[in-house]
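Novice: Below: one structure in C-alpha cells.
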Ligand SMILES: Cc1cc2nc3c(=O)[nH]c(=O)nc-3n(C[C@H](O)[C@H](O)[C@H](O)COP(=O)(O)O)c2cc1C
C-alpha cells in the first residue's frame, strides 16, 4: 500500500502509449466502491481516450501553477486519456475520495495521473457535450509516466512548492511524519 501511495505522484508528462476504454472503466469500477456521505453516490463519469477530444480538452487545463516557466506538456507527452468527475451538486469530499481511489488504482497498473482542478469548466463542458445539469468536479489526466517524480522530506515552515531540478526530475516536498502529527493522546 505504501509503495503505491508513494509512487502515485502527480505526473504531467506521459508516454504516448494508448489507454483503453476498458482500462478507464476498470478505474471507475474502483471508484464505484468508494464511500460517500450518506452513501449518496453523487458522482458520474465521462471517459475519454479519443484523440480529437483529448486535443480539445487540453486548452481547458492549467498546468503546474508553481512551474512558472513551463506551459504544460508538449505535443507527444500529453495525457492519453481523461476521466472527468461530474455531479449534479457539489460533491466536495466525495470527489476527493473517488479521485484518489482512481489515481491509486491507475498507479497499481503503472499508469500515472494528474488531478486537474484549475479548468475552463464551461469550455470543457462543451468539448465533451456534457448535459448542463452536471457540473465538472475534477478532471484526471492519465498515461504511462514519461517523467521522473521524487518525494523529498520537508519540515514545517519549509517551502513546499514542487520544482524541477537541472536533470528535469520533478521534486515534491512532503512534510515528515513528526511535523504532521500535532498531538498523540
Ligand atoms: C484537488 C486537486 C486539484 C489539482 N489541480 C491541478 C491543476 O489544475 N493543475 C495541475 O497541474 N496540478 C493540479 N493538481 C496537482 C497538485 O499540484 C499536486 O497534487 C501537488 O503538487 C502535490 O504533488 P503530488 O500529487 O505528487 O503529491 C491538483 C491536485 C489536487 C489534489
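Numbering (the working numbering), first residue to last: 192 to 376.
Where a beta carbon is used, it is the ideal one built from N, C-alpha and C, also for glycine.
Since this is a predicted model, take the numbers as computed values, not measurements.
#1: Rounded to the nearest angstrom, what separates residue 237 and residue 275 at their Cα positions?
#2: Is it buried or exposed, residue 317, if we count other Cβ atoms within 10 angstroms and call 16 or more buried?
#3: Identify the residues that DSSP records as bridge partners of residue 345: which are they?
#4: Kindly indicate the opening and closing residues of the alpha helix (DSSP H) around residue 334.
#5: Under 7 Å Cβ to Cβ from residue 347, same chain only, skipping five residues before and after it: list those, please.
#6: Check the Cβ-Cβ distances between residue 274 and every residue of chain D, and say whether any is below 8 Å.
#7: So what does residue 248 bridge to, in DSSP terms?
#8: Helix or strand or just coil, what does DSSP make of residue 315?
#9: Using a threshold of 8 Å, state whether the C-beta atoms of residue 206 and residue 337 are closer than that.
#10: Where in the segment 249-322 do unbroken runs of the beta strand (DSSP E), each at least 3 residues long, occur, reported from the N-terminal end onward?
#11: Do you know how far the Cα of residue 269 is from the Cα of residue 323?
#12: Report, in whole angstroms, the separation of the C-beta atoms of residue 332 and residue 273, which I expect to be a contact under 8 Å.
#13: Between which two residues does the alpha helix (DSSP H) carrying residue 238 extend?
#14: How would the residue list near ligand 1 read, in chain order, if you kept each one whose beta-carbon is closer than 5 Å to any heavy atom?
#15: Under the criterion of a Cβ to heavy atom distance below 7 Å, does residue 273 qualify as lining ligand 3?
#16: Report buried or exposed for residue 212, applying the criterion of at least 16 other Cβ atoms within 10 angstroms of its Cβ.
Specialist: Reading from the atomic positions:
#1: The alpha-carbon atoms of residue 237 and residue 275 are separated by roughly 5 Å.
#2: The residue is exposed, with fewer than 16 neighbouring Cβ atoms inside 10 Å.
#3: 366.
#4: Careful: residue 334 lies outside any alpha helix (DSSP H), inside the beta strand (DSSP E) at 326-334.
#5: Correct list, in chain order: 366 and 370.
#6: Going by chain labels, chain D is absent from the structure shown, which holds only one protein chain.
#7: Here residue 248 is not bridged, per DSSP, to any residue.
#8: In the structure shown, the three-state DSSP call for residue 315 is helix.
#9: It is a contact, given that the beta carbons lie within the stated cut-off.
#10: Qualifying beta strand (DSSP E) stretches, in chain order: 272-278 and 303-307.
#11: Between residue 323 and residue 269, the alpha-carbon positions lie close to 27 Å from each other.
#12: Yes, they are in contact, since the Cβ atoms of residue 332 and residue 273 sit about 6 Å apart, within 8 Å.
#13: Note, residue 238: premise wrong, no alpha helix (DSSP H); beta strand (DSSP E) at 234-239.
#14: Selection around ligand 1 by beta-carbon proximity, strictly under 5 Å to any non-hydrogen atom, yields 200, 201, 254, 255, 306, 307, 308, 309, 353 and 363 in chain order.
#15: Absent from the structure shown: ligand 3. Ligands present: ligand 1.
#16: In the assembly as shown, residue 212 is an exposed residue. Its beta-carbon has fewer than 16 other beta-carbons within 10 Å.
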